[in-house]
Each structure stands twice: as structure tokens, then as C-alpha cells.
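Residue numbers (this note's numbering): 6 to 202.
Each residue gets a CB set at the ideal place from its N, CA and C atoms; glycine is no exception.
The structure displayed is predicted, hence computed values, not measured ones.
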């Protein structure tokens, strides 16, 4: 007797479909893995960019000097300072919040006008607010404290003497930090005690 082999076409088709489904499933897992790797890499890149931008912003804002007021201290050639040959302004300032301590020798000011530039540093600063003995001994500028400094105009040749009804630019920069500028508008009087800013 001859044996008849019975083939089940349906089971072969089902097996092929199962293998095909398994291949599709593995392909989907591979695609998902690649997509997740791309997403993770993009997230890391964005985080690095944000960190760099934050560091740059902090560097620009840290140790920034903020002028609070500018008052005429000496008007050259006018009583009671008739013998004075240079104008002097008293600038009250503070460091921006979040600043680091600043060496006054590394903090500079400039007054810019049409005729030229006057410049100097903040080594001659005075303390307006109360400081600890340690802060005084360190001789640094600290955030959250108020200071004042006298700046002399007209010392350079040519310099920026005070002139009625004109505007000069006062700029500060501390180390590598960002700079601050204010417009000083001189009005109809530059007598001692006149508030410029």
C-alpha cells in the first residue's frame, strides 16, 4: 500500500505569515531603536546648547556694574571751587544681582563725548553700605552693597568737560563681563549737587 502524503497548504501559509510578521516586528523594533537614538542625541545637543547659552549669559551679566545716581561734585571754575580746573562727578553704583566679587582695579569707567574720552578705574571707591571687616580687608566690590566713586572729567586731552544742554555717555565694564552705559544729560545748570542721573 502506498502511503499518501497529506500536505496542509493552509499550515504552510500560516507559518510563512508568522515569519513575515516576526520580521516586520523586528524591523519595527530596529526603527524604534534608531528613532529613540536620534531623539536622545537631539535632546543632548539641545541641552548642551542651552548650557552654553546659559554660561554665556551668566558671563555677560555677572559682575555687571549698575549706576544708581550721578551727581555734580565739583564744577570747575565756579565758586566754591573757582580754582578747580576739572569737573568731578560722584557716581553711586552697585553690582548686578548674582555678580561675583570684583577687583576695583579691573573695573573701568569711560565718559564718551563728541570731543573725546575720559577714563579711569574704580580703585578710589568708597563704601556707602555697611561691610564686614573681612570685606573691607579684601578691598573688593561685593554684590548687594552700594558704593560711590568720584570721576574726573576733562583730565584727558581732549576730555569731556560738562557743558550745558549736552549729553555724554557713561560706561562701566568689570573684567570680561558685559558693560553698562547710561546717557548723562546735562541741563541748564551744572552746579554742585545737580543730579545728572
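Where residue 156 is concerned, the enclosing beta strand (DSSP E) starts and stops at 151-158.
Looking at the backbone, the Cα of residue 149 and that of residue 141 are separated by about 15 Å. Per the Cβ contact rule, the stretch 179-189 is not in contact with the stretch 154-161 (fewer than 3 Cβ pairs under 8 Å). Beyond the five residues adjoining it in sequence on each side, residue 93 comes within less than 6 Å, by CB distance, of 78, 79, 155 and 157 in the same chain, given in chain order. The shortest CA-to-CA distance from residue 188 to any of 198, 196, 175 and 197 is the one to 175.
Just measuring C-alpha positions, the residue of 120, 57 and 95 sitting nearest residue 132 is 95. Secondary structure of residue 163 (DSSP, three-state): coil. In this chain, the beta strand (DSSP E) harbouring residue 187 covers 184-190. If only uninterrupted beta strand (DSSP E) runs of at least 3 residues are considered, those enclosed by the stretch 71-131 are 92-100, 112-117 and 122-126.
Pairing residue 173 with residue 112, the inter-Cα distance amounts to about 20 Å. DSSP, read as helix, strand or coil, puts residue 51 in helix. Across the set 115, 42, 60 and 75, the C-alpha of 115 shows the shortest separation from the C-alpha of residue 178. C-alpha of residue 121 to C-alpha of residue 166: approximately 10 Å in a straight line. Note that the C-beta distance between residue 198 and residue 76 is below 8 Å.
Excluding five sequence positions before and after residue 100, the CB atoms of its chain that fall closer than 8 Å to its own CB belong to 68, 69, 70, 71, 107, 146, 147, 148, 149, 150 and 179, given in chain order.
DSSP places residue 197 outside both helix and strand once states are collapsed to three, so it counts as coil. Taking 8 Å as the cut-off, the Cβ atoms of residue 90 and residue 84 do not count as close. For residue 173, the uninterrupted beta strand (DSSP E) segment begins and ends at 172-179.
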